[in-house]
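**Student:** The structure that follows is given in the form of structure tokens.
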Amino acid sequence: MSSLARRRATDYTVKVISVAFAALALLLLAWILWTLVVRGLPAIGPHVFTRMTLPPGAGGGLLNAIVGSLIQIGIALAIGTPIGLMCGTFLAEHGKNTQIGNAVRFVNDVLLSAPSILIGLFVYQLLVMPFGGFSGWAGAAALAVIIIPVVVRTTEDMLNLVPIGLREAAFALGAPQWKVVTLITWRAARAGIVTGVLLAIARAAGETAPLLFTSLGNNGWSLDMNAPMASLPIAIYQYAASPFEDWVALAWAGALLITVGVLTLNILSRLVLAKMK
1 MSSLARRRAT DYTVKVISVA FAALALLLLA WILWTLVVRG LPAIGPHVFT RMTLPPGAGG
61 GLLNAIVGSL IQIGIALAIG TPIGLMCGTF LAEHGKNTQI GNAVRFVNDV LLSAPSILIG
121 LFVYQLLVMP FGGFSGWAGA AALAVIIIPV VVRTTEDMLN LVPIGLREAA FALGAPQWKV
181 VTLITWRAAR AGIVTGVLLA IARAAGETAP LLFTSLGNNG WSLDMNAPMA SLPIAIYQYA
241 ASPFEDWVAL AWAGALLITV GVLTLNILSR LVLAKMK
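Quick note on numbering: the sequence shown equals residues 1 to 277 in full-length UniProt numbering.
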């Protein structure tokens with residue numbers, strides 16, 4: 001066999017293997033989505049969105065868990081987005097090839113890949129033990145720590161894509177640097193930054209481990225951020241292992257809601273990024 005024939009055979013073999021593994025990954029994803037739809041869709045009804053958790057057999061819903069998740073994610077977003085935006089801007093505008101920039105970038109990469117349960121333990125030591133109990137504030141803080149590194153990385157990458165000529169033109173016109181950043185670079189990269197924020201929300205929305213150590217969960221209706229607060233991931237975790245069929249059905253319904261929400265956020269992020277391109 002000639003060398004050309006061997007190269008073609010190797011190329012064909014690698015292509016076949018790549019396509020096979022890609023098809024396997026898509027099959028597994030489709031299987032998961034199909035299982036969620038089959039198990040979760042029949043359990044979704046008006047009671048899921050209008051009733052809070054009730055004893056087994058009483059026809060309870062997930063209202064308190066949905067509201068608790070929205071509150072904690074909203075507060076985490078309000079905390080994490082400004083910090084991530086400013087940190088990413090610093091790395092892109094001032095932290096290139098500097099020791100402090102490299103250190104911040106390294107710490108951010110560690111946070112980005114850190115297991116979420118370690119973040120939960122960190123916030124537990126920081127906010128739960130010193131203040132004597134689980135709380136919604138602790139849960140929001142844990143989710144904020146998860147959101148921050150995603151926003152930092154996306155902001156830095158998007159700002160680095162802004163052509164240097166835009167900055168130079170603004171400086172040539174006498175604009176101070178804070179105006180160049182806020183009116184030129186942020187505006188040019190806004191679609192990518194929004195995409196990063198949406199991806200950060202999608203990641204934080206399905207986290208269970210950090211909330212187990214921080215907000216803990218609550219089967220009752222509570223908007224008190226100083227007390228344990230319900231959340232959808234915790235409700236799924238608790239109900240999925242329950243011996244009661246109606247609670248297991250609620251767990252499937254909650255899993256489908258989270259999956260649909262995460263998929264929607266990912267699709268929105270793709271659409272926003274496509275507009276930028």
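Every residue, glycine too, gets a C-beta built ideally from N, C-alpha and C. Since this is a predicted model, take the numbers as computed values, not measurements.
Roughly how many whole angstroms lie between the Cα atoms of residue 190 and residue 53?
**Tutor:** The alpha-carbon atoms of residue 190 and residue 53 are separated by roughly 40 Å.
**Student:** What residue range does the alpha helix (DSSP H) around residue 106 cover?
**Tutor:** Residue 106 -> alpha helix (DSSP H) spans 99-113.
**Student:** Please identify the residue among 272, 233, 135 and 236 whose C-alpha is closest to the C-alpha of residue 227.
**Tutor:** Closest option to residue 227, Cα to Cα, is 135.
**Student:** Considering only C-alpha positions, which residue in the set 157, 260, 240 and 208 is nearest to residue 93?
**Tutor:** Minimum Cα distance to residue 93 is reached at 157.
**Student:** If I follow the unbroken alpha helix (DSSP H) through residue 90, where does it start and stop?
**Tutor:** Residues 63-93.
**Student:** Measuring only the C-alpha atoms, how far is residue 88 from residue 120?
**Tutor:** Rounded to the nearest angstrom, the two C-alpha atoms are 24 Å apart.
**Student:** Take residue 75 and list the residues in its own chain whose beta-carbon comes closer than 7 Å to its own, dropping the five residues that flank it on each side.
**Tutor:** Excluding residues within five positions, the ones whose Cβ falls inside 7 Å are 140.
**Student:** Which residue marks the beginning of the alpha helix (DSSP H) containing residue 239, and which one marks its end?
**Tutor:** Segment 232-240, the alpha helix (DSSP H) holding residue 239.
**Student:** What do you get for residue 12, buried or exposed, if any count of 16 or more other CB atoms within 10 angstroms of its CB means buried?
**Tutor:** Classification of residue 12: exposed, given that the 10 Å Cβ count is below 16.
**Student:** Evaluate the contact criterion for the stretch 213-232 versus the stretch 26-35: three or more CB pairs, one atom per stretch, below 8 Å.
**Tutor:** Touching, no, given that fewer than three Cβ pairs across the two stretches are closer than 8 Å.
**Student:** Excluding the 5 residues flanking residue 43 on each side, which residues of the same chain have their C-beta closer than 6 Å to its C-beta?
**Tutor:** Hits under 6 Å: 249, 252 and 253.
**Student:** DSSP on residue 158, reduced to helix/strand/coil?
**Tutor:** The answer is helix: DSSP assigns residue 158 an H, G or I state.
**Student:** By Cβ distance below 8 Å, which residues in the same chain neighbour residue 231 in space, the five residues on each side in sequence not counted?
**Tutor:** Cβ neighbours of residue 231 beyond the five flanking positions: 65, 68, 69, 72, 139, 211, 215 and 217.
**Student:** Tell me the residue span of the alpha helix (DSSP H) that contains residue 15.
**Tutor:** Taken as a continuous stretch (DSSP letters only), the alpha helix (DSSP H) holding residue 15 covers 3-40.
**Student:** In terms of residue numbering, what span does the alpha helix (DSSP H) encompassing residue 203 cover?
**Tutor:** From DSSP, the alpha helix (DSSP H) with residue 203 extends over 190-205.
**Student:** Mind pulling the alpha helix (DSSP H) runs of 4 or more residues that sit fully within the stretch 112-136?
**Tutor:** Here the runs fully enclosed are 116-123.
**Student:** With DSSP collapsed to three states, give me the class of residue 243.
**Tutor:** Reduced to three states, the DSSP call for residue 243 is coil.
**Student:** Is it true that the CB of residue 91 sits closer than 8 Å to the CB of residue 107?
**Tutor:** No. Outside cutoff.
**Student:** So residue 264 and residue 36 are supposed to be a Cβ contact under 8 Å. How far apart are they, rounded?
**Tutor:** That belief does not hold up - the Cβ atoms of residue 264 and residue 36 are roughly 14 Å apart, past 8 Å.
**Student:** Pairing CB atoms from the stretch 148-163 with CB atoms from the stretch 187-201, are three or more of them under 8 Å?
**Tutor:** As far as the Cβ criterion goes, the stretch 148-163 touches the stretch 187-201, which means the pair count is three or higher.
**Student:** Quick check: what's the CA-CA separation for residue 208 versus residue 100?
**Tutor:** For residue 208 and residue 100, the distance between alpha carbons rounds to 33 Å.
**Student:** For residue 219, which of helix, strand or coil comes out of DSSP?
**Tutor:** Here residue 219 sits in coil by DSSP.
**Student:** Taking 7 Å as the limit between beta carbons, can you name the residues of its chain near residue 77, skipping five residues before and five after?
**Tutor:** So the list reads 147 and 201, once near-sequence residues are dropped.
**Student:** In terms of residues, what are the limits of the alpha helix (DSSP H) holding residue 58?
**Tutor:** Premise fails: residue 58 is in no alpha helix (DSSP H) and is neither H nor E.
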